[in-house]
DNA sequence: ACCTGAACACCGTTCAAGT
DNA sequence: ACCTGAACACCGTTCAAGT
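Chains as they are written, first to last, in this note's numbering: chain A, 39 to 238; chain B, 39 to 238.
In structure tokens:
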């Protein structure tokens with residue numbers, strides 16, 4: 039958003055660093071991400087990153103923020119109302135979440151690791167909150183349609199998102215005991231929705 | 039279990055390394071865990087660990103196995119039948135899980151990170167399976183008592199454990215938007231149990 | 001303002017050598 | 001069998017210096 043000042047030797051080093059870091063993350067995991075290697079790749083000295091990020095952790099945090107922004111965009115698209123019932127809509131949202139996590143496992147891992155640091159910057163927590171604002175919205179509309187019990191949507195949706203996220207953590211290689219994640223997600227959401235029916 | 043051969047310079051270096059590593063993990067997180075520092079602490083040369091662990095990752099894997107064994111012990115104790123109903127028992131099991139994770143956050147994180155590596159050793163996956171065998175047992179007894187719908191206990195319990203684990207991942211510093219994890223766990227389990235009631 | 005090069009204090013891993 | 005010491009190829013970070 040901020041207009042970049044005239045470049046010196048490199049076009050926009052900060053941006054280039056973040057992009058190269060994201061690539062490194064996808065290719066070789068967080069272990070392969072070093073400031074010196076990024077600098078080499080971009081043809082600048084290994085001390086250049088210092089001008090744009092206080093230290094390595096600052097770059098990782100910025101990368102985590104980008105991740106939550108991407109996740110936010112993915113969730114926003116999946117949360118759009120298409121006239122389905124609550125179950126179908128929540129399942130679509132959950133699948134989008136799982137899809138992002140499986141497509142960018144190292145990035146996804148970095149995002150939550152960064153968020154869990156005691157001194158995580160506010161901008162990071164805000165980015166996370168942004169992405170996690172979509173499920174409550176879907177729940178609220180489910181309530182409006184009489185498909186979901188009354189109660190704080192944020193609190194109700196937390197259980198659903200926790201289940202989906204936990205499924206990712208507990209599973210291995212996109213499956214659990216041979217059953218693909220996608221199927222398990224649908225199963226769990228359906229059972230959850232059943233439990234969330236208004237009690238007559 | 040295996041009888042240790044006569045020591046050379048150190049009593050039982052393998053054991054000492056694992057204990058020192060666990061301590062380092064608790065104190066300064068996984069970032070503070072280096073083979074050289076462990077060696078210094080134990081008064082051996084920095085190449086000694088090589089005799090007992092092929093590389094650093096092998097030590098981390100062994101540490102992760104220990105973690106799952108500890109978790110298994112904690113879960114086994116919590117899963118014991120005390121004559122409560124299914125809801126109370128599952129809540130106790132979930133709280134034990136959360137308690138372990140909050141008490142040893144770095145270790146807990148290491149365990150699942152190790153488990154997610156593509157080349158995770160079978161012994162690690164077995165240790166994980168061991169700890170996760172307790173919830174299905176509780177579910178099976180819940181079914182026997184007519185408190186839970188029919189279905190594969192492993193599959194049914196997966197949703198519950200995923201929700202609890204996910205809550206840990208999504209939350210920050212043992213809470214979520216100011217609400218303590220313990221309370222959220224109880225809430226989610228209760229709602230889940232409600233959804234798992236046999237449908238008449 | 002932005003980048004460089006040398007220097008410092010660390011790593012993990014390898015390997016020939018010791019007892 | 002078990003450990004050592006030197007060596008190698010890396011790190012992140014600091015700092016005086018350049019344009």
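Cβ atoms here follow ideal geometry from the backbone N, Cα and C, with glycine treated the same way. No experiment lies behind these values; they were computed from the predicted model shown.
When 107/A, 123/A, 128/A and 105/A are compared, the shortest CA-CA separation from residue 116/A is found for 128/A. In the DSSP annotation of this structure, the continuous segment of the alpha helix (DSSP H) that includes residue 153/B starts and ends at 143-154. Put simply, the segment 167-179 of chain A does not touch the segment 147-166 of chain B. Fewer than three CB pairs are less than 8 Å apart.
For the 8 Å CB-CB criterion, residue 219/B and residue 205/B form a contact. With the criterion set as a beta carbon lying under 9 Å from some beta carbon of chain B, the members of the segment 200-219 of chain A are 200, 201, 202, 203, 204, 205, 206, 207, 208, 209, 210, 211, 214, 215 and 217, in sequence order. Cβ contact annotation for residue 131/A (same chain, cutoff 7 Å, sequence separation greater than five): 113, 116, 117, 172, 173 and 176, in chain order. The Cβ atoms of residue 209/A and residue 203/B do not sit closer than 8 Å to each other. DSSP, reduced to helix, strand and coil, places residue 236/A outside both helices and strands of the structure shown, so it counts as coil. Looking at the backbone, the Cα of residue 160/A and that of residue 212/B are separated by about 17 Å.
Residue 159/B carries a coil assignment under DSSP once its states are collapsed to helix, strand and coil.
By the C-beta density criterion, residue 195/B is buried, having at least 16 other C-beta atoms within 10 angstroms. The beta carbon of residue 84/B sits closer than 6 Å to the beta carbons of 74 and 77 from its chain, once the five residues preceding and following it are set aside; these are given in chain order. Counting only the Cα atoms, residue 109/B lies some 31 Å from residue 105/A. Here residue 102/A is near residue 152/A, since their CB atoms are less than 8 Å apart. Counting of Cβ neighbours within 10 angstroms places residue 87/B among the buried residues, the total reaching 16 or more. For residue 222/A, a Cβ of chain B is located within less than 8 Å of the residue's own Cβ.
Of the candidates 54/B, 119/B and 144/B, the residue whose Cα lies closest to the Cα of residue 70/B is 144/B.
Interface annotation, residue 192/B: in contact with chain A, CB-CB separation under 8 Å. Residue 106/B is not bridged by DSSP to any residue.
Proximity to residue 52/A across 98/A, 148/A, 149/A and 119/A peaks at 98/A, based on C-alpha coordinates. With fewer than 16 other Cβ atoms inside 10 Å of its own Cβ, residue 189/A counts as exposed.
Residue 79/B places its beta carbon less than 8 Å from that of residue 58/B. Here residue 197/A is buried. Its C-beta has 16 or more other C-beta atoms within 10 Å. One finds nothing in chain B with a Cβ atom closer than 7 Å to the Cβ of residue 145/A; even the nearest lies about 14 Å away.
Contact between residue 230/A and residue 201/A is confirmed by a C-beta separation of about 7 Å, below the 8 Å threshold. Your pair residue 63/A and residue 140/A does not check out as a contact, with CB atoms roughly 15 Å apart and the cut at 8 Å.
Secondary structure of residue 72/A (DSSP, three-state): coil. When Cβ-Cβ separations below 8 Å define contact, residue 150/B makes contact with chain A. With fewer than 16 other CB atoms across the displayed protein chains lying within 10 angstroms of its CB, residue 156/B is exposed. Taking CB atoms only, residue 52/A has no neighbour in chain B less than 8 Å away. Interface annotation, residue 230/A: in contact with chain B, CB-CB separation under 8 Å.
Assignment of residue 214/B by DSSP, reduced to helix, strand and coil, places it in the strand class. Here the alpha carbon of residue 65/A sits roughly 37 Å from the alpha carbon of residue 122/A. By the neighbour-count criterion, in which 16 or more other beta carbons inside 10 Å mark a residue as buried, residue 92/A falls on the exposed side. In the structure shown, the three-state DSSP call for residue 84/A is coil. Taking the Cα positions, residue 226/B is about 33 Å away from residue 100/A.
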